[in-house]
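Below is one structure, written out as structure tokens; the observations come after it.
Number of protein chains: 2
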Amino acid sequence: MPNIKKIAEMAGVSISTVSRVLNNHPYVNEQKRKEILSIIEKLNYSQNSNAVHLVRGKTNVIGVVLPFVNHQYYSAIIEGISRMAAKHHYNIMLCQTGYSPEKEIEVLDMLKMKKLDGVIICSTINGWQELEKYVKFGPIVTCEDTVSSYMSSVYIDHYKTFALGMEYLIEHGHRRIGYCVGRKNSINSLNRKQAYLDALSSIQVMPKEEWGFVDCFTVEDGTRVVQSLLQMKERPTALLVSCNHIAAGIVKAAPKSGLSIPGDLTIIGCDDQQIAEILEITTIAHSSVDVGAGAFTLLHDHITKKNKETKKIELFPKLTKRLTT
Amino acid sequence: MPNIKKIAEMAGVSISTVSRVLNNHPYVNEQKRKEILSIIEKLNYSQNSNAVHLVRGKTNVIGVVLPFVNHQYYSAIIEGISRMAAKHHYNIMLCQTGYSPEKEIEVLDMLKMKKLDGVIICSTINGWQELEKYVKFGPIVTCEDTVSSYMSSVYIDHYKTFALGMEYLIEHGHRRIGYCVGRKNSINSLNRKQAYLDALSSIQVMPKEEWGFVDCFTVEDGTRVVQSLLQMKERPTALLVSCNHIAAGIVKAAPKSGLSIPGDLTIIGCDDQQIAEILEITTIAHSSVDVGAGAFTLLHDHITKKNKETKKIELFPKLTKRLTT
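Here the protein sequences come in this chain order: A and B.
For the first sequence, UniProt numbering gives the first residue as 1, with consecutive numbering after it.
For the second sequence, UniProt numbering gives the first residue as 1, with consecutive numbering after it.
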């Protein structure tokens with residue numbers, strides 16, 4: 001395996017001259033520099049080519065930290081990131097952490113080691129204090145609202161999305177309202193639940209435990225929700241659903257079980273996946289694609305030093321009425 | 001910036017000893033090795049940490065070459081790849097090339113430079129001869145059938161998918177048949193068209209140019225197809241559609257324009273996206289998710305040397321009858 005010494009020997013120069021060339025140091029005679037580079041090329045000295053671009057300080061790769069790719073919310077964020085990354089000629093390192101705190105830190109270590117120009121954190125299990133330690137090594141942008149003043153973020157306040165949905169349902173006379181969310185204790189789920197509870201409390205309605213569905217992510221989970229509804233003595237007249245894929249499952253399964261939509265059951269989904277448009281589901285559109293695109297843009301501004309200041313950008317939800325309400 | 005010379009000075013050893021440590025060379029006293037590593041750590045000598053793992057010969061990163069992420073076919077492949085990558089603790093470098101031949105080569109250069117353990121090529125604009133030159137630097141697996149005997153592949157024969165669809169349509173009495181595909185001159189589109197032409201020729205039916213729709217990728221393109229159909233004096237009674245998102249657009253738009261499905265227009269989609277299940281579209285299921293998962297598995301076998309032989313794995317399509325035929 002060729003090493004720096006071998007290159008120096010072949011070029012008839014000192015090791016420090018080779019090092020200067022590898023490090024793009026200015027004080028090297030141009031002719032000599034070309035000679036050394038040609039020997040490096042000849043020896044196929046690829047082991048250190050990373051080091052060369054690291055010294056240049058740019059890899060044109062950004063890291064994306066997310067628990068897993070196979071989920072419509074993360075797919076949408078990736079879609080937004082990749083749309084902008086293609087425009088700016090960046091590659092994307094997808095790092096699926098499965099919510100392992102160690103794996104999240106491994107990605108930030110890549111930032112420290114200059115293997116990445118920046119990192120977008122879609123979702124994390126580590127505390128923000130743990131993550132913000134890495135800001136000194138390179139820019140980090142999050143897709144969740146953080147209390148950290150060191151990390152920029154582009155986010156949606158999921159309290160507001162559910163509050164908007166509850167306001168609509170209450171205005172339209174609903175009192176027996178249920179909801180579906182993903183991970184029971186994630187920050188987003190807790191915020192959604194709080195908005196739900198606050199809205200019910202404002203009209204002096206006691207929440208009914210069994211009308212809160214957790215661990216809902218997919219179309220199949222929507223089918224499961226309908227099956228549960230059918231077992232209930234008293235059913236909700238409306239469901240606020242954290243994602244349109246679950247809503248799609250409900251909208252498809254309900255009529256087959258004799259529940260008409262919106263007659264027997266009003267459905268409001270969230271996000272703006274195409275499935276909602278195709279099935280004409282009323283949705284609180286907060287574009288996860290826009291979150292991804294916005295996060296990349298912000299990160300790119302930080303990388304290119306166009307903008308050094310920490311920024312918090314909130315994207316606001318908007319209710320789009322269709323046929324399920 | 002710390003360099004190899006500085007480290008050598010601080011450790012009181014020669015540059016070649018530092019180099020041996022960085023390169024995991026066995027002939028270094030263990031105590032010395034630890035001392036040097038601790039200095040490297042202290043100096044935050046991150047510039048060369050890439051080089052260290054490069055020498056170890058493993059990055060746990062695979063490259064994925066694809067024209068763009070924002071397309072359901074590539075999303076499905078990425079889903080398959082990422083499902084398996086998560087299982088084997090690999091990160092995925094998504095390289096969107098926009099069908100630039102130079103950008104494709106840039107990714108293969110990363111393989112050469114040992115920044116990637118292997119590469120999956122989803123779709124390429126370069127000739128296989130150009131790409132197979134890089135096999136000596138690391139394993140490459142393609143998601144298209146190649147004539148190259150140096151690259152493994154997991155693929156679907158799109159001639160067969162369209163042949164299967166044509167067979168079904170002809171058996172069910174259709175003679176006025178049209179089709180929708182993506183890029184007009186891509187290998188896959190040309191194969192699909194050939195299957196279409198061969199099937200028509202087998203029943204002595206002349207193809208009608210205007211019933212061949214190209215540049216179809218999205219739900220909106222499906223809507224556009226319906227608009228074109230409405231302008232025609234003579235319409236096809238059936239359409240074979242290369243992707244279920246286009247089919248979804250047709251299935252949603254047709255009834256609004258007075259074309260009943262399958263009464264006036266029979267629709268067969270391809271692939272197995274969930275949208276086909278939700279809208280109950282008859283489809284020739286060839287799972288692109290399985291292509292991605294299979295490609296990763298094969299690549300991983302090559303990387304871990306479980307399997308050195310070039311393999312060609314064909315996934316066969318299967319027609320799933322639903323409500324659009």
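The beta-carbon is built from N, C-alpha and C at its ideal position, and this holds for glycine as well.
Whole-angstrom Cβ separation of A/Leu240 and A/Leu169, contact assumed at under 8 Å?
Position 240 of the first sequence, counting from 1, holds the residue named residue 240 of chain A. Position 169 of the first sequence, counting from 1, holds the residue named residue 169 of chain A. Yes, A/Leu240 and A/Leu169 are in contact; Cβ-Cβ is about 7 Å, under 8 Å.
Check A/Phe213 in the structure and name its three-state DSSP category.
As a position in the first sequence, residue 213 of chain A is number 213, starting the count at 1. A/Phe213: strand per DSSP, three-state reduction.
Taking Cβ to Cβ, would you say B/Leu161 is nearer than 7 Å to B/Ile313?
Within the second sequence, the letter at position 161 stands for residue 161 of chain B. Within the second sequence, the letter at position 313 stands for residue 313 of chain B. Correcting the residue identity first, residue 161 of chain B is Thr in this sequence and not Leu. For B/Thr161 and B/Ile313, no; Cβs fall outside 7 Å.
Would you kindly work out how many angstroms separate the C-alpha atoms of B/Leu108 and B/Thr146, rounded to a whole number?
Stepping through the second sequence from its first residue, residue 108 of chain B is reached at position 108. Stepping through the second sequence from its first residue, residue 146 of chain B is reached at position 146. Cα to Cα, B/Leu108 sits roughly 17 Å from B/Thr146.
Please classify A/Ser82: does DSSP put it in a helix, a strand, or coil?
As a first step, residue 82 of chain A must be located in the first sequence, where it is residue number 82. Looking at A/Ser82 - three-state DSSP - the assignment turns out to be helix.
Note down the Cα distance separating A/Gly118 from A/Pro139, rounded to an integer number of angstroms.
Taking the first sequence and counting its residues from 1, the one referred to as residue 118 of chain A is at position 118. Taking the first sequence and counting its residues from 1, the one referred to as residue 139 of chain A is at position 139. If you take the alpha carbons of A/Gly118 and A/Pro139, they lie about 5 Å apart.
Measure the alpha-carbon distance for A/Met232 versus A/Glu209 and round it to whole angstroms.
By 1-based counting over the first sequence, the position of residue 232 of chain A is 232. By 1-based counting over the first sequence, the position of residue 209 of chain A is 209. Rounded to whole angstroms, A/Met232 to A/Glu209 spans 12 Å at the Cα level.
Residue 326 of chain A to B/Ile156, Cα distance in whole Å?
Absent from the structure is residue 326 of chain A, since the part of chain A shown begins at 1 and ends at 325.
Between the segment 241–250 of chain B and the segment 263–271 of chain B, do three or more beta carbon pairs fall short of 8 Å?
yes
Is the separation between the beta-carbon of A/Thr324 and that of A/Pro236 shorter than 7 Å?
Within the first sequence, numbered from 1, the residue matching residue 324 of chain A stands at position 324. Within the first sequence, numbered from 1, the residue matching residue 236 of chain A stands at position 236. For A/Thr324 and A/Pro236, no; Cβs fall outside 7 Å.
Who are A/Thr142's beta bridge partners in DSSP?
Numbered from 1 along the first sequence, position 142 holds the residue referred to as residue 142 of chain A. BP columns for A/Thr142 point to A/Ile121, A/Ser153.
Could you tell me which residues DSSP pairs with A/Leu240 in its beta bridges?
What you label residue 240 of chain A is simply residue 240 of the first sequence in a count that begins at 1. A/Tyr179, A/Ile268.
Tell me whether the segment 61–76 of chain A and the segment 89–101 of chain A touch, counting them as touching only if at least three CB pairs, one residue from each stretch, are closer than 8 Å.
yes
Could you tell me which residues DSSP puts in a beta bridge with A/Thr282?
Taking the first sequence and counting its residues from 1, one reaches residue 282 of chain A at position 282. Answer by DSSP bridge pairing: none, since A/Thr282 is not bridged.
Can you pull the chain B residues whose beta carbon is under 8 Å from the beta carbon of A/Glu35, in chain order?
Your numbering for residue 35 of chain A matches position 35 in the first sequence. Within 8 Å Cβ-Cβ: nothing; A/Glu35 doesn't reach chain B, min ~20 Å.
Comparing C-alpha positions only, which one of A/Ser153, A/Leu37, A/Lys133 sits nearest to A/His302?
Here residue 302 of chain A is taken as the residue at index 302 of the first sequence, counted from 1. Among A/Ser153, A/Leu37, A/Lys133, the Cα nearest to that of A/His302 is on A/Ser153.
When we look at the beta-carbon of B/Thr297 and count the other beta-carbons within 10 Å, is it buried (16 or more) or exposed?
The residue you call residue 297 of chain B lines up with position 297 of the second sequence. So B/Thr297 ends up on the buried side.
If we ignore side chains and look at the alpha-carbon of each, how far apart do B/Ile77 and B/Gly294 end up?
Here residue 77 of chain B refers to the residue found at position 77 of the second sequence. Here residue 294 of chain B refers to the residue found at position 294 of the second sequence. Near 10 Å, if we compare the C-alpha coordinates of B/Gly294 and B/Ile77.
If you follow the beta strand (DSSP E) that B/Gln231 is part of, which residue opens it and which one closes it?
Working through the second sequence from its first residue, we reach residue 231 of chain B at position 231. It is not in any beta strand (DSSP E) - B/Gln231 instead sits in the alpha helix (DSSP H) that spans 219–231.
Tell me A/Met166's beta-bridge partners as DSSP assigns them.
Counted from its first residue, the first sequence places residue 166 of chain A at position 166. Beta-bridge pairing links A/Met166 to no other residue.
Please check if any C-beta of chain A sits within less than 7 Å of the C-beta of B/Ser46.
The sequence position of residue 46 of chain B within the second sequence is 46, counting from 1. Unreliable positioning characterises B/Ser46 in this predicted model, as indicated by a pLDDT of 45, which lies under 50. A coordinate reading is not provided.
Which one of A/Ser123, A/Leu265, A/Asp198, A/Gly292 has the shortest CA to CA distance from A/Ser100?
As a first step, residue 100 of chain A must be located in the first sequence, where it is residue number 100. Of A/Ser123, A/Leu265, A/Asp198, A/Gly292, the residue nearest in Cα terms is A/Ser123.
Got a sec? Which residues, its chain only, sit under 6 Å from A/Val28 by beta carbon, not counting five neighbours each side?
Counting from one through the first sequence, the residue named residue 28 of chain A turns up at place 28. Arg20, Val21, listed in sequence order.
Just to confirm before moving on: does the CB-CB distance between B/Phe217 and B/Gly182 stay below 7 Å?
Here residue 217 of chain B refers to the residue found at position 217 of the second sequence. Here residue 182 of chain B refers to the residue found at position 182 of the second sequence. Yes, Cβ-Cβ distance for B/Phe217 and B/Gly182 is below 7 Å.
Is the beta carbon of A/Thr142 closer than 7 Å to that of A/Ile121?
Taking the first residue of the first sequence as position 1, residue 121 of chain A is located at position 121. Taking the first residue of the first sequence as position 1, residue 142 of chain A is located at position 142. Yes, Cβ-Cβ distance for A/Ile121 and A/Thr142 is below 7 Å.
Under three-state DSSP, which class holds B/Ser46?
Position 46 of the second sequence holds residue 46 of chain B. Because the pLDDT of B/Ser46 is 45, which lies under 50, any placement of that residue in the model is unreliable, and the question is left without a value.
Closer than 6 Å to a non-hydrogen atom of the ligand SAM - does that hold for the CB of B/Asp301?
Absence of the ligand SAM from the depicted structure is noted, as is the absence of any ligand whatsoever, leaving it without description.
If I measure Cβ to Cβ from A/Leu279 and keep anything under 7 Å in the same chain, skipping five residues before and after, which residues do I get?
Against the first sequence, residue 279 of chain A aligns to sequence position 279. The answer, listed in chain order, is Ala248, Val251.
Hey, would you say B/Ala253 sits closer than 7 Å to B/Val226, going by beta carbons?
Against the second sequence, residue 253 of chain B aligns to sequence position 253. Against the second sequence, residue 226 of chain B aligns to sequence position 226. Against a cut-off of 7 Å, the Cβ pair of B/Val226 and B/Ala253 comes out as a contact.
Nearest to A/Leu229 by alpha carbon, out of A/Tyr196, A/Thr266, A/Thr320, A/Gln194?
Indexing the first sequence from 1 puts residue 229 of chain A at position 229. The option with the nearest alpha carbon to A/Leu229 is A/Thr266.
Can you tell me where the alpha helix (DSSP H) with B/Val289 in it begins and where it stops?
Here residue 289 of chain B refers to the residue found at position 289 of the second sequence. Segment 288–303, the alpha helix (DSSP H) holding B/Val289.
Short of 9 Å Cβ to Cβ, which residues in the segment 258–279 of chain B face chain A?
Gln274, Ile275, Glu277, Ile278, Leu279
With 7 Å set as the bound, which would you pick, yes or no: does the beta-carbon of B/Leu108 sit closer than that to a beta-carbon of chain A?
If you number the second sequence from 1, residue 108 of chain B lands on position 108. False, the Cβ-Cβ gap to chain A never drops below 7 Å.
For B/Asn191, does the three-state DSSP call read helix, strand or coil?
The residue you call residue 191 of chain B lines up with position 191 of the second sequence. Judged by DSSP in its simplified three-state form, B/Asn191 adopts helix.
To be precise: take each residue of the segment 88–115 of chain A, compare its Cβ to all Cβ atoms of chain B, and keep it if any distance is under 7 Å. Which residues remain?
Under the 7 Å Cβ criterion, the segment 88–115 of chain A contributes Asn91, Ile92, Met93, Leu94, Cys95, Gln96, Gly98, Lys112, Met113, Lys114, Lys115.
At a CB-CB cut-off below 7 Å, which residues of chain B make contact with A/Arg83?
Residue numbering aside, residue 83 of chain A sits at position 83 when the first sequence is read from its first letter. By Cβ distance, chain B contributes Asn70.
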